[in-house]
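Reviewing the structure listed below.
There are 2 protein chains.
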Amino acid sequence: MIINEALPDKDECTGSLRNVLDALSVLNGKWKIALILSLVQSSKRFNEIQHELKGISPKVLAKELKDLELNDFVKRCVYPTTPVSIIYEATDYSRTLKSLIGELSAWGEQHREKVKQSMRKQS
Amino acid sequence: MIINEALPDKDECTGSLRNVLDALSVLNGKWKIALILSLVQSSKRFNEIQHELKGISPKVLAKELKDLELNDFVKRCVYPTTPVSIIYEATDYSRTLKSLIGELSAWGEQHREKVKQSMRKQS
DNA sequence: GTTAGTACTTACCTAAAGGAAAGCGGTTAC
DNA sequence: GTAACCGCTTTCCTTTAGGTAAGTACTAAC
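Protein chains in written order, with UniProt numbering: chain L, 1 to 123; chain A, 1 to 123.
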């Protein structure tokens, strides 16, 4: 009983591995999380995003937005002004990532600290 | 005050983005998490890992193991038997990923459920 | 009519990840 | 000696992500 407290068993792991890989494949890439964070803060137009995420090309931005739209993280809203305004909005579903992104950030921060420590020791 | 409850502010996000990207870069790749999960369950030799992770080539396995060793997730232990036994072990540090992997797994699972649901609606 | 802005698309290129197959240096069994 | 096993390394190849630059279709202002 106590043995399994720290170590999940094999089936649990292989099942969980699939889930983890699914999650990572959705968040993968250089821009996805930056895009989600940007749109969660405020809805934006194509050019505004391009301006905020310095370095992203229109081709890549268009692809990432389509991808995020397919996964229901982002909604593409067309407003019938003249000319039409196209506004990208984060969905409520994208906010389900909140605790996951929180964990990633916390772990990433402590890991960088740890790397810094071991650099110091080596020098 | 209440406004910031759901939405982190901009600086918080750009700072956190770096952490998230750091964490993801460490976990990235087709095999890293599978490898960590495998070694957390039990220490193994090169050939045993190759057998368990069906499809991984020796070249990629060697590279991933070196990578994980550098990041202190895995320890390469050489036992002076004849011939020497080389055993790869998960470190305690690799267990700090536990809650992160748990979150990734939970989110990935519910996401796949959600995708299944929307497939049903479309058909 | 030309210029500028918006929201893209297209074509081309590069770098990195990863797969396939073979080889290599050592040991051990026959 | 030769065959097999272990722990890799090397070479070559394909796929994919992403960058650059240019172009397109529409609108609107001057």
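In this text, a Cβ means the ideal position worked out from N, Cα and C, and glycines have one as well.
What residues are listed by DSSP as bridge partners for residue i?
i                      : result
residue 132 of chain A : This structure does not reach residue 132 of chain A, given that chain A is present from 1 up to 123, and the question cannot be answered.
L:R45                  : L:I87
Residue i CB to nearest chain A CB: under 8 Å?
i      : result
L:G108 : yes
L:I56  : no
L:I33  : yes
L:D16  : In the sequence under discussion, the amino acid at residue 16 of chain L is Ser, which differs from the Asp named in the question. It does; some Cβ of chain A falls within 8 Å.
L:V74  : no
L:V26  : yes
L:N19  : yes
L:M1   : Caution applies to L:M1, whose pLDDT of 48 falls short of 50 and renders its modelled position unreliable; the value that the coordinates give is listed next. Chain A contact via Cβ: absent.
If we ignore side chains and look at the alpha-carbon of each, how far apart do residue i and residue j end up?
i      : j      : result
A:R76  : L:S16  : 26 Å
L:E69  : A:I101 : 25 Å
L:R18  : L:T82  : 47 Å
A:S85  : L:S38  : 51 Å
L:F46  : A:S99  : 36 Å
L:T14  : A:E113 : 18 Å
L:A23  : A:Q110 : 10 Å
A:L97  : L:W107 : 8 Å
A:S94  : L:N28  : 21 Å
L:R120 : A:N71  : 15 Å
L:P80  : L:Y88  : 15 Å
L:V60  : A:V78  : 46 Å
A:K44  : L:I33  : 35 Å
A:K116 : L:L21  : 16 Å
L:T91  : L:G55  : 25 Å
A:E103 : L:V26  : 14 Å
L:I36  : L:P58  : 17 Å
A:E64  : L:S118 : 20 Å
A:S123 : L:H51  : 39 Å
L:M1   : A:S105 : Reliability fails at L:M1, whose pLDDT of 48 lies under 50, so the model's placement of it is uncertain and the value that follows must be treated cautiously. So the alpha carbons of these two residues sit roughly 23 Å apart.
A:K30  : A:F73  : 16 Å
L:E48  : L:V40  : 14 Å
A:K66  : A:S42  : 18 Å
On the three-state DSSP scale, how would you describe residue i?
i                      : result
L:K54                  : coil
residue 126 of chain A : Outside the displayed span of chain A (1 to 123) sits residue 126 of chain A, for which this structure offers no information.
A:S118                 : helix
Is the beta carbon of residue i within less than 7 Å of some heavy atom of the ligand FAD?
i      : result
A:S123 : The ligand FAD is not part of this structure, which contains no ligands at all.
Using 8 Å as the limit for Cβ to Cβ distance, is residue i near chain L?
i      : result
A:E113 : no
A:N4   : Unreliable placement is indicated for A:N4, whose pLDDT of 48 sits below 50; the coordinate value is still reported in the next sentence. Taking Cβ atoms only, chain L never reaches closer than 8 Å to A:N4, which makes this a no.
A:I101 : yes
A:D22  : yes
A:L104 : yes
A:L37  : yes
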